[in-house]
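Residue numbers (the numbering used here): 103 to 691.
Everything below concerns the one structure shown next.
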Amino acid sequence: MEKKNGEKATRKLLAAVMAFVICLALCLTGCGGDSVDENKQSDPMEGNYIPVIGEMMGMAMSGDDLSGFGIELKGNGKGVMTVNGESEKVKWKKDDTTITITVEGTDITGELGEDCFVVKDMLGMGMDFTFAKEGTPASDPALYLPESEKFMIQDWKSVSVTDILGDPTDEIAADVLQMSFRADHTMDAVIEGKEFKNLHWSNLNDYGSVDSEDVKLSWDVEDDGLKATYIKDGEYYIFFCPKDTAADKTDSEKQSEAKSESETESSEESTEKTDESKKAASGAAATTVRSDAQAELGEHGKAKSSPYADYWDKDWYGWYKLESCHGDYEELEDSIYDVCGSIFVESENTGRIVLWDDEGSAEKLICEVEVSFGPGTTDAGCMKSEKGSFLTDEENVQHADWMVDPGASDVSDYDHMIEVNCKYEDDHGSFRYYIYLRPWGMDWEDVRTKDVDFLPVSYDYWYTDVMNGLMPDSIGREEGGFGREESERFEKYTVQNKPEHYAAGTLTSKECYLLPNESVNNGATGYILDEDTVIEKPEELDGWESGDDPLSWMARLCDESSGYTPAGVYDITVSADHIDIIHGLYWWD
103 MEKKNGEKAT RKLLAAVMAF VICLALCLTG CGGDSVDENK QSDPMEGNYI
153 PVIGEMMGMA MSGDDLSGFG IELKGNGKGV MTVNGESEKV KWKKDDTTIT
203 ITVEGTDITG ELGEDCFVVK DMLGMGMDFT FAKEGTPASD PALYLPESEK
253 FMIQDWKSVS VTDILGDPTD EIAADVLQMS FRADHTMDAV IEGKEFKNLH
303 WSNLNDYGSV DSEDVKLSWD VEDDGLKATY IKDGEYYIFF CPKDTAADKT
353 DSEKQSEAKS ESETESSEES TEKTDESKKA ASGAAATTVR SDAQAELGEH
403 GKAKSSPYAD YWDKDWYGWY KLESCHGDYE ELEDSIYDVC GSIFVESENT
453 GRIVLWDDEG SAEKLICEVE VSFGPGTTDA GCMKSEKGSF LTDEENVQHA
503 DWMVDPGASD VSDYDHMIEV NCKYEDDHGS FRYYIYLRPW GMDWEDVRTK
553 DVDFLPVSYD YWYTDVMNGL MPDSIGREEG GFGREESERF EKYTVQNKPE
603 HYAAGTLTSK ECYLLPNESV NNGATGYILD EDTVIEKPEE LDGWESGDDP
653 LSWMARLCDE SSGYTPAGVY DITVSADHID IIHGLYWWD
């Protein structure tokens, strides 16, 4: 407990020093100023500079802690210092390595960097400030955080918990703690399903804590993750959150992965396919001939010199899901949709992302967000949202709502996969959405090996047929294939009577079953299940056995001696009179 109190005391001291520095700056700024030569040429240093990081005694401050303080460098050695809304004139000059800002006879000297300068021991108070030019990559506070704090800027999820003595406990679940840290020293936490937004956090060397009366949470930074202490009703719970979430799975997750691996191709075959797909992906991404609809959305290759273009400036494919749905959005719980789209790098560090799902097209988007790019935990950097919309026409994605760092996400183990994790909330309710994307043309066989349920729904019956060509304008709507324009999905297709079996050459040229139409008022007698019907998740279907196909499975359901029944509520996608996909089969509500 001494450590915790000491950290808080240090933070209070740091805040007091910061307030004193600003106060002293206010005292120094005065009226008037010397005349200067109005004919000097403009200097690249000119612009607005804000303090992005303040450091003292091993602790860093950023974000709101430094708000209200800034310096505008104008031409001809003029400038303006603004402190808490009050602005006064200053003078400045520079040489090759330093800049000197003079405030009422007091010099503030900083070491020059690219679009920034660092003032050591500002005004003799022992605090170092880094000022960066607004609108440049240098203004990202993540660039200047101490290593122990850079380590924090990612999403964390607990995988184990003990009591204060280090003994396992069943009083609280092992996975109920989630934390998302941002470089401006704000964070979000979810503890036992309760969300805490925009908490203020700080680290002192390898120890950190939340500055809040609502939640008692602290942590120790270790090489392989965070050891987080949560106090609930006077009891201490010690959670472990690994940096690499795949390195510390629960027993059930390990068993599930082992089962998936036993049902897939050998690792050598998977590697060969992955290598081939990467080549295909590279070729597909390099192709510049696009449909008219996609050409309207944007253009790849506009900023080839950007360090982020190689990784991000591509067409993408994947899926998204909705969870934790409340209010009017409850019926969307666990909804899953496949997506296609593009990320355009349009300048050195800015761009856009556009997406459409399997119910839309390149002319009917579900997402359009302006983004920026900056340093991340890997060479790929980090994509950050600026403003835009997802699933609605209203602007509901704001600055830094998305922090997409390929090296610090739940899917970092997968090559070239990104994850968007964000909460949406309005007057009607809320939900959390997750978007998983990979470059168009890249296969997902490594994903199948680890978790077959993590594949996009359309992967096997659509994407693998088209992935080596240009990205289509819609998902599964190529002529002659599944999901063509007349495709329709019935999520509650009710069957009460036994489906009729037909031998090949009777109802159609193939053996089939006719599932009677007893719930959809569209004049159809029924819909046909045959060998071409795709079963989306066979292992979840009642009566499915290893080695089954759609016909043998339906035969078992129709066999009264089997103990199963074909009656139930089917979730199906059809085209014409054929069942293209069975998404699920459920009992009545």
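For glycine and all other residues, C-beta sits at the position ideal for the given N, C-alpha and C.
{"query": "Spatially closest choice to G327 from D290, F341, E315, by CA coordinates", "result": "F341"}
{"query": "Stretch pair the region 228–245 + the region 149–156: three plus CB contacts closer than 8 Å", "result": "yes"}
{"query": "L301, DSSP secondary structure in three states", "result": "strand"}
{"query": "Cα-Cα separation between S369 and P409, rounded to whole angstroms", "result": "At S369, the pLDDT of 48 sits below 50, so the modelled position is not reliable and the matter cannot be decided from this model."}
{"query": "Close-in-space but distant-in-sequence residues of the same chain around C614 (CB under 7 Å, 5 per side omitted)", "result": "Y604, I630, L631, D632"}
{"query": "Cβ neighbour criterion (16 or more within 10 Å) applied to H428", "result": "exposed"}
{"query": "Nearest-angstrom Cβ-Cβ length linking D415 and I455, presumed shorter than 8 Å", "result": "Not quite, the Cβ-Cβ distance comes to about 11 Å (not below 8 Å), so this is no contact."}
{"query": "Alpha-carbon to alpha-carbon, S260 and V636", "result": "37 Å"}
{"query": "Distance, E620 Cα to G665 Cα", "result": "23 Å"}
{"query": "Which of helix, strand or coil DSSP assigns to A291", "result": "strand"}
{"query": "Unbroken stretches of the alpha helix (DSSP H), 4 residues or longer, contained in the region 440–496", "result": "none"}
{"query": "Reduced DSSP secondary structure (H/G/I, E/B, other) of M569", "result": "coil"}
{"query": "Where T675 falls, given that 16 or more other Cβ within 10 Å makes a residue buried", "result": "buried"}
{"query": "DSSP beta-bridge partners of L279", "result": "I293"}
{"query": "Alpha-carbon spacing of I210 relative to A275, whole angstroms", "result": "53 Å"}
{"query": "Minimum length 3: unbroken beta strand (DSSP E) runs contained in the region 175–242", "result": "180–185, 188–196, 200–205, 208–215, 218–221, 230–235"}
{"query": "Option in S474, D529, N599, D517 with minimal Cα separation from P541", "result": "D517"}
{"query": "Short Cβ contact (8 Å threshold) for D507 with Q280", "result": "no"}
{"query": "Beta-carbon gap between G177 and D197 smaller than 8 Å", "result": "no"}
{"query": "Any non-hydrogen atom of the ligand SAM closer than 7 Å to W689 Cβ", "result": "Among the components modelled here there is no ligand, and therefore nothing to report on the ligand SAM."}
{"query": "Own chain, CB closer than 6 Å to D313, minus 5 neighbours either side, in chain order", "result": "H302"}
{"query": "Limits of the unbroken beta strand (DSSP E) element including A330", "result": "327–334"}
{"query": "The region 598–612 / the region 649–662 touching (three or more Cβ pairs under 8 Å)", "result": "yes"}
{"query": "Of the listed residues T479, G187, I203, T184, nearest to K193 (C-alpha basis)", "result": "I203"}
{"query": "Closest by C-alpha distance to E213, when choosing among P243, M147, G628", "result": "M147"}
{"query": "Cβ-based neighbour list, K639, same chain, cut-off 6 Å, excluding 5 preceding and 5 following", "result": "none"}
{"query": "Beta carbon of G149 nearer than 8 Å to that of K222", "result": "no"}
{"query": "Inter-residue spacing [alpha-carbon to alpha-carbon] between L661 and Y563", "result": "The amino acid at residue 661 is misidentified as Leu; the sequence shows Asp. Rounded to the nearest angstrom, the two C-alpha atoms are 29 Å apart."}
{"query": "Burial state of T479 (16 or more Cβ within 10 Å)", "result": "buried"}
{"query": "Contact check, D78 vs A397, beta carbons under 8 Å", "result": "Outside the shown range of the chain (103 to 691) lies residue 78, about which nothing can therefore be said."}
{"query": "Contacting residues, own chain, Cβ-Cβ under 7 Å from C218 (five flanking each side not counted)", "result": "T232, F233, A234, K235, A240"}
{"query": "Where the alpha helix (DSSP H) containing Y413 begins and where it ends", "result": "411–414"}
{"query": "Simplified DSSP state of K703, which is helix, strand or coil", "result": "No answer is possible for residue 703: the residues shown for the chain start at 103 and end at 691."}
{"query": "Alpha-carbon to alpha-carbon, S189 and G420", "result": "50 Å"}
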